[in-house]
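Data block below; observations after.
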Amino acid sequence: MNDPGKIGKHNGDLELFAGSLGDVPIETDPKILRKKSRDFFWFSPVLKRQLQDKIADLVVVPRDEADVMRVAGMAARYRVPITIRGGGTGNYGQCVPVEGGVVLDISGLDAIEWQNGAMLRVGAGRKMHHIDAETRKSGYELRMHPSTKRMASIGGFAAGGSAGIGSVTYGGLRELGNITGARVISLEEEPRAFELKGDAALKICHGWGTTGIVTALEMPLAPAFDWIDVVVAFGDFMAAASFGYELALADGVVKKLVTPLDWPIPSFFPGMQQYFPNSRPVVIAMVAEHSLEPFLSLVAAHKGDMTYQRPTDESMGARPLYELTWNHTTLHALNVDRDITYLQALYPASGLMEKVAEIAALFSPDELMQHFEFTRYAGQVSASGLGLIKYTSDERLNEIMEIHRRHGVLIADPHIWMLEDSAGFKSANADLMGFKHEVDPFGICNPGKMRSYVPVR
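For what it's worth, our numbering labels the leading residue of the sequence shown as 42, then goes sequentially.
Rendered as structure tokens:
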């Protein structure tokens with residue numbers, strides 16, 4: 042076991058805690074500790090400096106909820122910090138144990154408890170692509186998922202994510218109805234189980250695992266269509282963005298993904314050069330097979346060139362195009378140039394395309410490469426800007442974000458690991474804070490991530 046005095050700031054008694062767990066599986070191998078203490082925080086050069094040396098003292102792997110209750114109770118008794126981990130595919134250090142202690146790996150909580158038509162109750166540790174593989178047998182699939190679908194857990198997405206593939210139709214996770222229930226275990230000496238229903242379930246959404254241990258979720262499903270991956274090339278970026286906007290607005294065209302990318306971003310995708318013509322911006326999209334004909338009509342109206350058209354393939358060894366979008370785009374860019382990082386911006390629905398052009402004109406494409414994901418936000422078509430930045434300094438990075446804010450574009454800062462400061466338009470509200478007081482009275486649930494939280498005991 043690592044020396045707790047050398048890692049983090051916790052004062053809990055790890056030896057007594059570990060000895061109190063009975064046969065609950067524990068990992069102390071240094072390689073496993075390091076692996077389970079990391080997510081994709083290194084997308085940010087700032088977070089990489091700050092978080093790369095933060096490592097848990099031990100990893101606990103509960104097999105079921107009874108194990109979780111035991112771990113939660115003993116952690117409270119001995120004041121040991123607990124950081125909950127799903128698939129570890131987040132980008133802000135959500136599952137990094139900044140105060141040491143324990144990483145709780147919930148991957149074993151992966152049972153589908155029930156499915157009733159378009160409603161599902163599932164263990165928080167189940168991987169999202171395994172959920173779809175099961176629910177597709179009855180004609181349903183998840184409404185949305187991250188680009189890391191084949192790695193991510195449903196609990197990690199609900200607690201750490203905000204939107205993804207499918208949000209062009211269904212909006213973000215925080216939209217009422219996209220999470221309909223959550224079971225949460227408190228970190229008290231006598232742990233309690235909370236069943237949150239309806240809008241109460243949003244108390245755990247984008248809370249970075251600070252609001253108790255989520256063991257199960259209830260989620261609405263969508264009809265499972267046969268999806269077609271497409272790439273459409275254009276002469277300039279605004280033409281690509283305008284096509285993407287019209288596609289996002291076309292409610293009669295069933296789609297799951299609309300991603301405009303300026304050149305040179307398409308050049309970062311390995312083995313795909315033949316589908317991304319040199320120097321041409323593109324739109325990557327997923328369209329339901331039965332909507333392909335009206336989609337092609339829209340392509341023709343915007344004078345786009347179809348360069349790729351294949352059924353979405355998630356089989357082993359295949360590459361669905363959604364793994365080129367959202368923050369997979371950043372990953373591919375970093376594999377080519379380690380000096381690249383990214384933004385997270387929300388563009389206003391009103392005057393959206395004018396604002397896209399306005400911001401694009403403020404920066405050289407050598408410094409800010411345009412990447413958009415069309416979504417719905419509060420019932421209107423909007424766009425998340427995940428632009429790629431050629432990093433030069435922290436000062437310039439902050440200046441770029443401030444320029445966006447001054448021009449009316451909201452920023453969720455992905456270079457800060459404190460929830461309130463980085464959340465931006467996904468703010469930590471009083472409801473979330475109040476629930477944390479109820480389920481984490483000692484402040485041991487992912488401590489250090491919520492600046493304004495003061496333990497009640």
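Beta carbons are placed, not taken as given, at the ideal position from N, Cα and C, and that holds for glycine.
Looking only at L288, D378, A204, G276, the smallest Cα-Cα distance to T366 is reached by A204. Counting only residues of its own chain and dropping the five nearest sequence neighbours on each side, G449 has a CB closer than 7 Å to the CB of P389, K396. Within the DSSP secondary-structure output, L243 pairs in no beta bridge. The closest CA to that of V121, considering only E182, L473, L99, T348, is found on L99. Under DSSP, the beta-bridge partners assigned to I452 are A386.
Per DSSP, E236 is one residue of the beta strand (DSSP E) stretching across 234 to 238. Contact between G197 and G128 holds, since their C-beta atoms are separated by about 5 Å, short of 8 Å. With contacts defined by Cβ atoms closer than 9 Å, V102 and D146 form a contacting pair.
As a beta-bridge residue in DSSP terms, N157 pairs with M160. In this structure, R215 and C246 form a Cβ contact; the two beta carbons are roughly 5 Å apart against a cut-off of 8 Å. If the five residues before and after D173 are omitted, its C-beta is found closer than 7 Å to the C-beta atoms of E182, L183, all from its own chain and listed in chain order. Where Q91 is concerned, the enclosing alpha helix (DSSP H) starts and stops at 86 to 92. Contact between the segment 346 to 365 and the segment 270 to 286 is established, with three or more Cβ pairs separated by less than 8 Å. For G201, same chain residues with a beta-carbon under 6 Å away, outside a window of 5 residues either side, are G131, Q135, W249 in chain order. In this structure, W304 sits near F278, with a CB-CB distance shorter than 9 Å. Shown here for G166: same chain residues with a beta carbon closer than 7 Å to its own, the five before and five after excluded, namely G127, I147, S148, G149, L150, D151, S194, G196 in chain order.
The alpha-carbon of A199 is positioned some 13 Å away from that of G218.
A distance of 9 Å or more separates the beta carbons of F266 and V324. A distance of 9 Å or more separates the beta carbons of G345 and A401. Of the other Cβ atoms in all chains shown, 16 or more fall within 10 Å of the Cβ of R79; this residue is therefore buried.
For secondary structure counted as the alpha helix (DSSP H) over 4 or more consecutive residues, the segment 163 to 189 holds these complete runs in sequence order: 169 to 176.
Look at W268 here: in three-state DSSP terms it is strand. Going by C-alpha positions, V294 is about 15 Å away from T416. Contact check between the segment 426 to 442 and the segment 59 to 77: fewer than three CB pairs, one atom from each, fall below 8 Å, which does not count as touching. Taking each of D54, P86, F81 in turn and checking the Cα distance to I381, the smallest one comes out for P86. When beta bridges are read from the DSSP output, E259 appears opposite R162, G222.
Contiguous alpha helix (DSSP H) elements confined to the segment 334 to 419 occur at 367 to 377, 393 to 401, taking only those with 4 or more residues. In this structure, the straight-line span from the alpha carbon of F483 to that of M313 is close to 51 Å. DSSP, reduced to helix, strand and coil, places T252 outside both helices and strands of the structure shown, so it counts as coil.
The closest CA to that of R75, considering only Q421, L92, M169, A59, is found on L92. Around the Cβ of L262, a 10 Å sphere holds 16 or more other Cβ atoms; the residue is buried. Contact check for F310 and H412: beta-carbon distance about 12 Å, past the 8 Å limit, so the pair fails to qualify.
Going by beta carbons, A117 and I485 fall inside the 9 Å limit.
By the CB criterion at 9 Å, Y316 and M394 fall outside the cutoff. The alpha-carbon of V497 is positioned some 9 Å away from that of E479. Within the DSSP bridge table, the entry for A113 names no partner.
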